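> First residue of the sequence shown? That's 176 in this note's numbering, and the numbers climb one at a time after it.
The following block contains the structure, expressed as structure tokens.
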Amino acid sequence: MNPERKQLFITHFFDAPVETVFQAWTDPEQLKHWYAPDGCSIEFKTINVATGGSYHSCVTDPVHGECWIKGTYLEVTPNRRLVFTMIMSDAAGNSVSSVAAGKSPDWPEHQTTTVTFESVDARTKVSIYQTVSEEEAQKTGAYQGWIKMLGRLSSMLVEI
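Okay, structure coming up:
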């Protein structure tokens, strides 16, 4: 990836306390309800949301099939910050090249996602920074996927 390209950055406000929003990002049962693109589902083969913990997940798309991703939680600071890696994988947890997983040659082999949580009045500001170019994220639909997932999370939090 060209290091001069603008990297993905998204900010979203939630009408819920920071503790509730953070829990939605760290509880596998809640993640299953919002952390996948429209029309898809997500299952976690393993997940340990703790600094040094890891996850291995599968997003199932009725049209495109399975997409396995694994990663490590580099930082988990309750109610403040999550930092985790994202690497394409297979069902056994072996790393797979992005191209072999159906991504474009410009898609990074390894991504780091940083999510910060900030209390603003009675709301929560979530900022997402991901080490993929904004241009590539727009082109592949990843950017739009984040926006829709955050919208689903907003709806889910209203019901809690």
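Glycine included, C-beta positions come from ideal geometry on N, C-alpha and C.
Model, not experiment: these values are computed from the prediction.
1. Where do the N-terminal and C-terminal ends of the beta strand (DSSP E) with residue 250 fall, by residue?
2. At what residues does the alpha helix (DSSP H) containing residue 329 begin and finish?
3. If you follow the beta strand (DSSP E) that residue 306 is part of, which residue opens it and which one closes it?
4. Look up residue 196 in the DSSP assignment and say whether it is helix, strand or coil.
5. Do residue 261 and residue 246 have their beta-carbon atoms positioned less than 8 Å apart in this structure?
6. Quick check on DSSP: helix, strand or coil for residue 278?
7. How would you label residue 212, buried or exposed, when you count the other beta carbons within 10 angstroms and need 16 or more for buried?
8. Could you check if residue 177 is buried or exposed, using at least 16 other CB atoms within 10 Å of its CB as the buried criterion?
9. By how many angstroms is the C-alpha of residue 288 removed from the C-alpha of residue 235?
10. Given a cut-off of 8 Å, decide if residue 305 and residue 206 are closer than it, judged by their beta-carbon atoms.
11. How is the beta strand (DSSP E) around residue 220 delimited, first residue to last?
12. On a Cα-Cα basis, can you pick out the residue from 253, 221, 233 that is closest to residue 192?
13. Return helix, strand or coil for residue 121, following the three-state DSSP convention.
14. On the three-state DSSP scale, how would you describe residue 284?
15. How many whole angstroms separate the CB atoms of residue 299 and residue 196, which I take to be in contact at a CB cut-off of 8 Å?
16. Quick one: measure Cβ to Cβ for residue 317 and residue 307, integer angstroms, because I've assumed they're closer than 8 Å.
Quick look at the numbers:
1. In the sequence shown, counting from the first residue as 1, residue 250 sits at position 75. Looking at the DSSP string, the run of the beta strand (DSSP E) that includes residue 250 is 240 to 252.
2. The residue labelled residue 329 in the question sits at position 154 within the sequence shown. Per DSSP, residue 329 belongs to the alpha helix (DSSP H) from 317 to 334.
3. Position 131 of the sequence shown holds residue 306. Residue 306 -> beta strand (DSSP E) spans 298 to 308.
4. By one-based count along the sequence shown, residue 196 stands at place 21. Three-state DSSP puts residue 196 in a helix.
5. For the purposes of this step, residue 246 is taken as residue 71 along the sequence shown, with counting starting at 1. For the purposes of this step, residue 261 is taken as residue 86 along the sequence shown, with counting starting at 1. Closer than 8 Å, so yes.
6. Counting from 1 along the sequence shown, the entry for residue 278 is found at position 103. Residue 278: coil per DSSP, three-state reduction.
7. The sequence position of residue 212 within the sequence shown is 37, counting from 1. Looking at its Cβ environment, which holds 16 or more other Cβ atoms inside 10 Å, residue 212 is buried.
8. For the purposes of this step, residue 177 is identified with residue 2 of the sequence shown, where counting begins at 1. For residue 177, the predicted structure reports a pLDDT of 48, less than 50, and the residue's modelled location is therefore unreliable. The matter cannot be settled from this model.
9. The sequence position of residue 235 within the sequence shown is 60, counting from 1. The sequence position of residue 288 within the sequence shown is 113, counting from 1. So the alpha carbons of these two residues sit roughly 21 Å apart.
10. Working through the sequence shown from its first residue, we reach residue 206 at position 31. Working through the sequence shown from its first residue, we reach residue 305 at position 130. Not a contact, by the Cβ cut-off of 8 Å.
11. On the sequence shown, position 45 is the one that residue 220 refers to. Segment 216 to 222, the beta strand (DSSP E) holding residue 220.
12. Taking the first residue of the sequence shown as position 1, residue 192 is located at position 17. Measuring from the Cα of residue 192, the nearest candidate turns out to be 253.
13. Summary: the structure shown does not reach residue 121, with the chain confined to residues 176 through 335, and so no result is reported for it.
14. Position 109 of the sequence shown, counted from the first residue, corresponds to residue 284. Coil.
15. Within the sequence shown, residue 299 is the residue found at index 124, counting from 1. Within the sequence shown, residue 196 is the residue found at index 21, counting from 1. That belief holds up - the Cβ atoms of residue 299 and residue 196 are roughly 4 Å apart, short of 8 Å.
16. In the sequence shown, residue 317 corresponds to position 142, counting from 1. In the sequence shown, residue 307 corresponds to position 132, counting from 1. Rounded, the Cβ-Cβ distance is 7 Å, consistent with contact.
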